[in-house]
Amino acid sequence: MSKSVKFSILDLSQVPEGSDVRTALDRSLDLAQHAEALGYERFWMAEHHGMVGIASAATAVALAHIGGGTKTIRIGAGGIMLPNHAPLVIAEQFGTLEALFPGRVDLGLGRAPGSDQIVAQALRRNLNTDANEFPRDVLELQAYLSGDERLRIQATPGAGSNVPLYILGSSLFGAQLAAALGLPYAFASHFAPQALDEALAIYRREFKPSEHLAEPYVICGYNIFAADSDAEAERLASSMMQSFVALRTGNPGKLPPPIEGYRESLPPAAQGMLAQTLQASAIGTKNTVRSSVEAFLERTQADELIISCSIFDHEARLKSYTLAAEVRDSLSA
Numbered sequence: 028m029s030k031s032v033k034f035s036i037l038d039l040s041q042v043p044e045g046s047d048v049r050t051a052l053d054r055s056l057d058l059a060q061h062a063e064a065l066g067y068e069r070f071w072m073a074e075h076h077g078m079v080g081i082a083s084a085a086t087a088v089a090l091a092h093i094g095g096g097t098k099t100i101r102i103g104a105g106g107i108m109l110p111n112h113a114p115l116v117i118a119e120q121f122g123t124l125e126a127l128f129p130g131r132v133d134l135g136l137g138r139a140p141g142s143d144q145i146v147a148q149a150l151r152r153n154l155n156t157d158a159n160e161f162p163r164d165v166l167e168l169q170a171y172l173s174g175d176e177r178l179r180i181q182a183t184p185g186a187g188s189n190v191p192l193y194i195l196g197s198s199l200f201g202a203q204l205a206a207a208l209g210l211p212y213a214f215a216s217h218f219a220p221q222a223l224d225e226a227l228a229i230y231r232r233e234f235k236p237s238e239h240l241a242e243p244y245v246i247c248g249y250n251i252f253a254a255d256s257d258a259e260a261e262r263l264a265s266s267m268m269q270s271f272v273a274l275r276t277g278n279p280g281k282l283p284p285p286i287e288g289y290r291e292s293l294p295p296a297a298q299g300m301l302a303q304t305l306q307a308s309a310i311g312t313k314n315t316v317r318s319s320v321e322a323f324l325e326r327t328q329a330d331e332l333i334i335s336c337s338i339f340d341h342e343a344r345l346k347s348y349t350l351a352a353e354v355r356d357s358l359s360a
């Protein structure tokens with residue numbers, strides 16, 4: 028490898044079947060502590076609403092739980108769906124987190140609802156927005172966090188915290204915005220890889236240096252399911268595969284237990300959907316994972332991988348992240 032690549036974690040705090048929200052959040056904290064010991068760069072949680080299988084809807088509250096139980100790992104949102112919120116409220120929430128955990132807080136921002144239209148309506152009250160509102164909201168939030176006096180309102184907490192912002196996306200829009208604002212860009216290739224190459228090319232080509240960032244910085248979402256055998260890793264990954272199929276067919280639920288031979292049992296159309304969705308994935312032994320990761324990094328030249336791993340059994344998930352960390356270390360050796 029020509030450069031050292033950071034590994035981070037994206038956690039949805041998924042609720043396994045037969046379990047509850049408290050257990051999911053406590054497992055997230057245990058994972059964050061495990062990641063901290065293994066030298067992962069950051070631990071991000073995502074905002075989703077109206078989903079019985081995801082416990083991180085109140086993302087800032089969940090992050091306070093993680094921050095209180097860790098010491099050094101960066102914590103943050105991957106991301107906050109900014110159209111759901113007033114920028115001032117997010118400035119206050121993440122300003123509070125920065126006051127509690129100074130120098131450790133990130134704020135990733137997306138423009139998707141993180142829900143369906145019914146839940147989005149309940150969150151926002153008004154869906155009549157224009158395409159320019161998200162960029163304006165990002166700039167307003169940035170101004171609150173810097174303490175810009177032109178706003179005539181001070182975010183307390185928040186003003187002067189300068190919590191670093193990251194633009195998230197799975198399309199070309201986020202790439203263009205991140206480039207224009209000179210901010211880091213995180214692409215959701217772990218579940219929507221179709222526009223990955225074009226988005227990264229646009230971001231790097233159009234990037235304008237800013238006071239926040241001198242040159243482009245790319246984070247790519249990536250799935251890793253690592254185990255002692257390729258067959259066992261495939262079995263563990265079947266929980267996430269079932270979740271994807273359930274979501275695409277309008278029937279999302281809690282994280283199901285793994286099923287042997289699940290992928291092969293699906294009709295061809297569902298197998299094709301999974302093959303397309305899971306392009307940015309490594310499933311197998313440590314050697315298999317290393318080969319997949321090397322090829323992905325060669326393709327994307329990412330500065331950082333943020334790894335998702337939806338495994339039903341908590342101990343197996345911890346082991347997968349341990350093996351992934353060993354892959355990271357071998358890449359930079």
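Per my numbering, the sequence shown starts with residue 28, numbered consecutively. Where a beta carbon is used, it is the ideal one built from N, C-alpha and C, also for glycine.
| Asked | Found |
| --- | --- |
| Beta-carbon contacts of R275 that lie in its chain and below 7 Å, excluding the five residues immediately before and after | M300 |
| Proximity winner among A139, M108, T183, relative to L115 (alpha-carbon distances) | T183 |
| Own chain partners of E286 with C-beta closer than 6 Å, once the 5 adjacent residues on each side are dropped | Just to set this straight, residue 286 is Ile in the shown sequence, not Glu. Within the same chain, I286 has close Cβ partners S265. |
| Cβ-Cβ distance between G209 and S237 below 7 Å | yes |
| CB-CB length for C336 against R326, believed under 8 Å | Contact doesn't hold; Cβ gap of about 21 Å is too wide. |
| Sequence-distant residues of the same chain with beta carbon closer than 7 Å to T123, five excluded per side | P184 |
| Cβ neighbour criterion (16 or more within 10 Å) applied to N125 | Asn is not the amino acid found at residue 125; the sequence shown has Glu there. Burial call: buried. |
| Beta-carbon contacts of A89 that lie in its chain and below 8 Å, excluding the five residues immediately before and after | S40, L52, S55, M72, A82, S83 |
| Exposure of E308, with buried meaning 16 or more beta-carbon neighbours within 10 Å | According to the sequence shown, residue 308 is Ser rather than Glu. It counts as buried. |
| Limits of the unbroken beta strand (DSSP E) element including V245 | 245-253 |
| Coarse secondary structure for R101, derived from DSSP in three states | strand |
| Within 7 Å, strictly: CB atoms of E68 and S35 | yes |
| Local Cβ density within 10 Å of Q144, reported as buried at 16 or more and exposed below that | exposed |
| Residue ranges of each alpha helix (DSSP H) within the stretch 158-221, 4 or longer | 160-173, 199-208 |
| C-beta contact flag for T97 and Q120 at 7 Å | no |
| Rounded C-alpha distance that separates G277 from I246 | 29 Å |
| Where S31 falls, given that 16 or more other Cβ within 10 Å makes a residue buried | exposed |
| Endpoints, alpha helix (DSSP H) assigned at V48 | 48-65 |
| As assigned by DSSP and simplified to three states, the class of R138 | coil |
| CA-to-CA distance, A186 to A351, given in whole angstroms | 38 Å |
| Three-state secondary structure assigned by DSSP to E13 | Beyond the ends of the chain as shown, which are 28 and 360, falls residue 13; an answer cannot be given. |
| Per-residue DSSP class, three states only, for L39 | coil |
| Own chain residues within Cβ distance below 7 Å of G66, not counting five before or after | A352 |
| Secondary structure of S308, DSSP reduced to three states | strand |
| Whole-Å CB distance - Y249 paired with L358, under 8 Å assumed | Not confirmed; about 13 Å, so no contact. |
| Residue environment, A62, which counts as buried when at least 16 other CB atoms sit within 10 Å | buried |
| Close beta carbons around T379, own chain, < 8 Å, minus the five adjacent residues each side | Any property of residue 379 remains undetermined from this structure, which presents the chain solely from 28 to 360. |
| Supposed close pair V190, V132 - CB separation, criterion 8 Å | 5 Å |
| DSSP three-state assignment for D356, whether helix, strand or coil | helix |
| Same chain, Cβ closer than 8 Å to V14, neighbours up to 5 away in sequence not counted | Since the displayed the chain opens at 28 and closes at 360, residue 14 lies outside it and no answer follows. |
| Option in L227, K33, G288 with minimal Cα separation from I194 | L227 |
| Beta-carbon proximity list for F128, same chain, < 6 Å, skipping 5 on both sides | G94 |
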